[in-house]
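Enquirer: Here my numbering is used: position 164 in the sequence shown is 160, and no number is missing along the way.
All C-beta atoms, glycine included, are put in the ideal place defined by N, C-alpha and C.
As the structure is a prediction and not an experimental result, all values here were calculated from the model.
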Amino acid sequence: MAKKKPSGYVQRLKTALPCCLLLCFMYGLWGAMEIYTGNAAGFRFTYFEAVLPLAAVALVSALVLSLLVSVLPRRVFTFAAALILGLAVCSYVQNLFLNLDLGLLDGEKVDWSLYTAHGMRNLAVWIVLLCAVVAGIMLIRKGARRVIRIAAWALLAVQLVSFGVVSVQHLTSDAHTSRETYVLTGDQQYDVSAEGNVIVFLLDYYSNDYIDAALRQYPDMLDPLHDFTYYDNCDPTYIGTFPSVVHMLTGNAFDNTVPIDTWFRQSWESERSRSFYQALADAGYKFNFFDSSNDYFGIEYAQPYVSNLLHLEPGDYTVRYDRLVKCMLGLGAYRYVPHVLKRYFEPDTFAFYSAVPLSGGEVTTCLNRNAFYNGLFLDGLHKVEGDGKYFIIEFLKGTHPPYHLNAEAGYDPNATLEETAAGYMHIVATYLDRLRQLKLYDSSTIIVTSDHGDKENSMQVMYFIKEAGVRRDEMAVSSAPISHQEMQGTILANIGVKSDLPSIYDFYDGQERERTVMRNYIDTDYPYVRKYRSTAQGTHTVMYAYTYTGDRWDLRKQFRRGPTQILPLTESFN
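1. Could you give the first and the last residue of the continuous beta strand (DSSP E) run that contains S269?
2. Assuming L83 and A54 are in contact, meaning their beta carbons sit under 8 angstroms apart, how far apart are those beta carbons, in whole angstroms?
3. Ignore the nearest five residues each way along the sequence and tell me which others in S174's own chain have a CB closer than 6 angstroms to its CB.
4. Suppose contacts are defined by Cβ-Cβ distances below 8 angstroms. Is G394 in contact with F286 by that definition?
5. Run the CB neighbour count on W549, radius 10 Å, all protein chains shown included, and call it buried at 16 or more, exposed below.
6. Given G485, which residues of its chain have a CB within under 7 angstroms of its CB, disregarding the five upstream and five downstream residues?
7. Could you spell out where the alpha helix (DSSP H) holding Q456 opens and where it closes?
8. Buried or exposed: H396, going by 16 or more other Cβ atoms within 10 Å of its Cβ?
9. Give the single residue among L488, Q481, P220 and L374 whose Cα lies nearest to the Cα of M471.
10. What are the start and end residues of the alpha helix (DSSP H) that includes R117?
11. If contact is defined by three or more beta carbon pairs under 8 angstroms, each pair taking one atom from either stretch, is the stretch 263 to 272 in contact with the stretch 336 to 355?
12. Residues in its own chain within less than 7 angstroms of N366 by CB, not counting five upstream and five downstream?
13. Per DSSP, which residues does S76 bridge with? Please list them.
14. Spatial neighbours of W122 within its chain, please: C-beta separation below 6 angstroms, excluding the five flanking residues on both sides.
15. Alpha carbon to alpha carbon, how far is R212 from E567? Give it in angstroms, no decimals.
16. Looking only at C-alpha atoms, which of Y178, T512, Y206 and A52 sits nearest to V302?
17. Does the beta carbon of L151 come closer than 8 angstroms to any beta carbon on chain B?
18. What are the boundary residues of the beta strand (DSSP E) that includes V359?
19. If I follow the unbroken beta strand (DSSP E) through S474, where does it start and stop?
20. Candidates I195, E45 and L81: which alpha carbon is nearest T11's?
21. Should L245 and S446 be called a contact, given that it needs their Cβ atoms to be closer than 8 angstroms?
22. Three-state secondary structure (DSSP) at Y340?
23. Could you tell me the alpha carbon to alpha carbon distance between Y214 and A418, rounded to whole angstroms?
24. Which term fits P232, buried or exposed, when burial requires 16 or more other beta carbons within 10 angstroms of its beta carbon?
25. When the Cβ atoms of the stretch 537 to 553 are set against those of the stretch 269 to 282, are three or more pairs found closer than 8 angstroms?
26. Does the stretch 157 to 169 come close enough to the stretch 517 to 535 to have 3 or more Cβ pairs within less than 8 angstroms?
27. Do you know whose CA, among R331, V129, F460 and N118, lies nearest I144's CA?
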């Protein structure tokens, strides 16, 4: 008896399945997980919390798409299968050869208008390649489906091998075991002490040049700071949240000769750091540090000092798989789609945090649009009795692109630099008003500054300080050559603790002081190094140092001349 041939539907399904599996595997699993394994330290969720739902989505999508395509008429089916294979081939080529380096996925907005010409060229490549694949297959009359199956299985096999290798490397590395086990909680973010407060606003990426630019449009922007002294010649020492903030809080200079985790541990465990936080504790202060991202600080080593630091247990967070899958699918699409479509899939950092919300409360740092201001405006601050004095750091998004606040601190995705700069000063002014309502303003020491300025010309930062008990009719201005190396000494001076640490009060107007600012850089004359807590290659190879004497204009001149020293990195943070 002759063997019965499979039905036409089954034959079509045998062709549809591999090309649909290929496309869904790329967009639904591999694209996102390749990025995840290279950046695992920046995510709250684990490898398996991501890979299992994504694998399920990819498999189900492939099966459903295969079944739908298989019911098409014979001639239309071959065209549809060829089109799916063509899209997969174009996406594969895009990922390997056509993606531009658009910078780090750190929330900094891409100016897509700069890449219009490239986008058109990239789209043309897609059209030509897609047409070539589809037309080439359609011209093969009898063997078209066999070609589709072989090509799809081959491409899928290559990427499955890559997926397996990367997964094994990740699961057997420190990157898998060092997931973010410590987080900063926000349930006390609007609390202030009835006994005394030192409050530091760190407004990310806020250069003193940005103050000047915003004042031209909003000349009364700084009026609420009339009791403050504005230091307009402040050097941040480092450009970048890493390593600037850890240096400010520990006093430990960055060491390019050791791995980053080693430097984090050495910084928080240094004698200077221990003595500073012991002095704070002896003076009755507890340290509350509010920021929604923890991977910049080696925060696990700060456990003895930071009161709102939570060691994550399974019950402390809930994975919202619907949000997680949506975020990861967007991440995969960002990798594969043609350039003209990438703007619609730009990663949203806060969306990843909202996919794994904390039971202890999130820190609202304006990464979540204007959530910090909304809470401050609607509910105000809360005076806490009997909990000692507070040393508070509010690390807000500041003028870090993308700009997102208008001058009244309302969310505006089309805001300008000047509007966002004014918006954050409006937030500070509102905070000061809430302190006055609680009759805690006069007794508080308040610093408003930034971790760093711009990455290029506008490197210096703004620095405002109001000491406890100081009242003025008009803001004072000083051009003393200060830097963030004096942060710890300045805080101790303002709480009445004698110290040998330098403070901003050691410097005066007109004084000549040699200072150095450093920034990470990609210098191809130096070898690439591994990325921090990752198996991937890092972005930066060196740290450039710019030594200068004078003010921001002298720093700008030195930047244009080039670095005075180049320090090769042992490990790259990004």
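Expert: In brief:
1. Secondary structure note for S269: it is in no beta strand (DSSP E), and the uninterrupted alpha helix (DSSP H) holding it is E267 to D278.
2. Their Cβ separation, rounded to whole angstroms, is 15 angstroms, which puts L83 and A54 out of contact at 8 angstroms.
3. Confidence at S174 is low in this model, with a pLDDT of 49, below 50, so the placement of that residue should be treated as unreliable; the coordinate-derived value is given next. R529.
4. No.
5. W549 counts as exposed, since fewer than 16 other beta carbons sit within 10 angstroms of its beta carbon.
6. Only S495, L497, P498 and S499 meet the Cβ criterion.
7. Looking at the DSSP string, Q456 is not in any alpha helix (DSSP H), and its letter there is neither H nor E.
8. By the neighbour-count rule (16 or more Cβ atoms within 10 Å), H396 is buried.
9. The option with the nearest alpha carbon to M471 is P220.
10. Start and end: T112 to L135.
11. Result no; under three Cβ-Cβ pairs closer than 8 angstroms.
12. Within the same chain, Cβ atoms closer than 7 angstroms to the Cβ of N366 are found at L401, A405, G406 and Y407, the five residues on either side in sequence being excluded.
13. According to the sequence as given, residue 76 is Ala; it is not Ser. In the DSSP assignment, A76 forms no beta bridge with any residue.
14. Listed in chain order, the non-local C-beta contacts of W122 below 6 angstroms within the same chain comprise C86 and P334, local neighbours out to five positions each way being set aside.
15. Inter-residue distance for E567 and R212 is about 42 angstroms (C-alpha atoms, whole angstroms).
16. It is Y178 whose Cα lies nearest to the Cα of V302.
17. Of the protein chains in the structure, only one exists, and it is not chain B.
18. V359 -> no beta strand (DSSP E), and no H or E assigned at all.
19. Its beta strand (DSSP E) spans residues A472 to S474.
20. Scanning I195, E45 and L81 for the CA closest to the CA of T11 turns up L81.
21. Going by C-beta atoms, L245 is not nearer than 8 angstroms to S446.
22. If DSSP states are grouped into helix, strand and coil, Y340 belongs with the helices.
23. Approximately 7 angstroms between the Cα atoms of the pair.
24. Note on P232: 16 or more other CB atoms within 10 angstroms of its CB, so buried under the neighbour-count rule.
25. Per the Cβ contact rule, the stretch 537 to 553 is not in contact with the stretch 269 to 282 (fewer than 3 Cβ pairs under 8 angstroms).
26. Touching, yes, given that three or more Cβ pairs across the two stretches are closer than 8 angstroms.
27. Ranked by Cα distance from I144, the first of R331, V129, F460 and N118 is V129.
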